[in-house]
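Note that this note's numbering numbers the sequence shown so that position 62 is 55, with each residue one more than the last.
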Amino acid sequence: MMLSTKRLVLSKPSIADFALFSEILTCPQQTRFLHNESPYNLVQRENYLRNRINHWEEHGFGTFVISLKDEGYEDALAQVSDEDAELEMLVQAGTKLGFIGVEYTPVGSAVDIRFALTKEHEGFGYTSEAASEILDFIAKNTPHRQIYGVAMPENQASKAVLVKLGMTPALDVKLYEADDLDCFSLVLNLHQ
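Pasting the structure below:
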């Protein structure tokens, strides 16, 4: 499964993406807003990636790896004959920026959007661009219409992305065990 935007290619994660997930999940600045609030050890990183892959296998949707379209991507894509194998090689050649997706939350049957970029790729609008494409995919390919977003109160950057996507505060919603999270929600329509 792959999606594409003007600047990005979004693909299902694989074991080959472990270095990307490790880069993000071992960075103190990136992990301070995640459940652990500190860098993940090797076993936690392996489990994190395995859970992303398993979510796809079990539910048919989930987290995507965000890759930058390198120069010549469109020309190379036009020459692809065996779509699956060669497309995978093209995506692997692009610079991997991070990950984004919609997955089930630990509590109930709700789904929320999750995202993280490598530190050097923040601030260029990649998350918002990828998120718009993901929400469109979810609206057209799953029965989910209510999408949540969760952020720690001090995580202003993530909250700004959620608001930019059209999400509004969801004050009476608790999707995780932690009490100190800000919840947002968005109702998708088929014309998202």
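Ideal placement from N, C-alpha and C gives every residue a C-beta, glycine not left out.
In its chain, beyond the 5 residues on either side, K112 have a beta carbon closer than 7 Å to the beta carbon of Q22. Every unbroken stretch of the alpha helix (DSSP H) spanning 4 or more residues and falling wholly within the stretch 83 to 137 is given here in chain order: 119 to 134.
A check of alpha carbon separations from L110 across G118, A171 and A103 identifies G118 as the nearest.
In the DSSP assignment, F177 falls within the beta strand (DSSP E) that extends over D175 to V180. When the five nearest sequence neighbours on each side are left out, the beta carbons in the same chain lying within less than 7 Å of the beta carbon of I17 are those of Q23, G91, A109 and T111, in order along the chain. With a beta-carbon spacing of about 5 Å, K157 and S121 fall inside the 8 Å limit used to define contacts. Here DSSP, grouped into helix, strand and coil, assigns T56 to strand. Exclusion of the five residues before and after S15 leaves R38 as the residues of its chain whose Cβ lies within less than 7 Å of its Cβ. Pairing A123 with L1 gives a Cβ-Cβ distance under 8 Å. K133 sits exposed, since fewer than 16 C-beta atoms from the chains shown fall within 10 Å of its C-beta.
Secondary-structure assignment with DSSP links I140 through a beta bridge to V104 and L179.
Just so you know, the alpha carbons of T56 and D172 end up roughly 25 Å apart.
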